[in-house]
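Residue numbers (this note's numbering): 500 to 746.
Quick reminder that beta carbons are idealized off the backbone N, C-alpha and C, glycines included.
Let me begin by presenting the structure, written as structure tokens, before commenting on it.
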Ligand SMILES: [Zn+2]
């Protein structure tokens, strides 16, 4: 598998790796964009607000029907009072009943007072429920705007990342052709099994990937720039680019 493959192919393979690592990073960035979580959070708050509104609206309906009930109670009491009063005025009522009827009228009037004060409270409750509903609606509108803003930002970020991916993938495809099938296959296998950095550079002493010194006895396959081998320490593919600038 490894051997003298030439410096150009080795360099191209290193370039493939560099670009793949960038692609890994972009994928990582894409999967860790905060927008989705933020959007879910906003949507949850909106749903909460909506459920408060629903409860308040149910309350409003209840208050409304209680108010109507109160109105008809007052109406009935007024009719009773009017009838009793009419009886009293007309002298139709037995004198023994006058006291009872008068007491009834007083009791009815007292009850009307109570009901009317309850009505006032119900009106206030209704008003306050209406205000709270308006507050929640305004809040939901704000959240909706925030959600759209976040969604736009997310789409923008995704588009930027996608454009970078396309560009880098194209460059990577070119370099893979230069590196050649044999090296690329080996590289792909290593990427599949261990991921990340799978090619190191042998500088004459160490493997750049694991930083460990290669025993001299195992360095005999690295003679010319473009020679390749396997790191005895980390088992990554090693390429030799020649002695570093010391002529
Ligand atoms: Zn190594």
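- For the 8 Å CB-CB criterion, residue 686 and residue 700 do not form a contact.
- Ligand 1 has no heavy atom closer than 7 Å to the beta-carbon of residue 728.
- Taking C-alpha positions only, residue 655 is separated from residue 728 by approximately 44 Å.
- Cβ contact annotation for residue 737 (same chain, cutoff 6 Å, sequence separation greater than five): 699, 701, 706, 728 and 730, in chain order.
- Assignment of beta-bridge partners to residue 736 by DSSP yields 698 and 729.
- A direct Cα-Cα distance of roughly 39 Å separates residue 714 from residue 528.
- The set of residues with any CB-heavy atom separation to ligand 1 below 7 Å comprises, in chain order, 699, 706, 708, 709, 711, 730, 732, 733, 735 and 737.
- Ranked by Cα distance from residue 690, the options 522, 722, 507 and 610 are led by 522.
- In the DSSP annotation of this structure, the continuous segment of the alpha helix (DSSP H) that includes residue 570 starts and ends at 534 to 589.
- Rounded to whole angstroms, the gap between the alpha carbons of residue 724 and residue 716 is 19 Å.
- Using a Cβ-Cβ distance cut-off of 8 Å, the segment 610 to 628 and the segment 546 to 559 are in contact, since at least three pairs of beta carbons, one from each stretch, lie closer than that value.
- Looking from the CA of residue 616, the closest CA among 726, 680, 565 and 665 belongs to 565.
- In the displayed model, residue 718 falls within coil according to three-state DSSP, outside both helix and strand.
- Per DSSP, residue 509 is one residue of the alpha helix (DSSP H) stretching across 506 to 530.
- Sorting 710, 639, 535 and 669 by C-alpha distance to the C-alpha of residue 552 places 639 at the top.
- Under the three-state reduction of DSSP, residue 704 is assigned to coil, being neither helix nor strand.
- Of the residues 604, 573 and 571, the one whose Cα lies closest to the Cα of residue 583 is 604.
- Boundaries of the alpha helix (DSSP H) around residue 672: 594 to 678.
- Here residue 670 is near residue 518, since their CB atoms are less than 8 Å apart.
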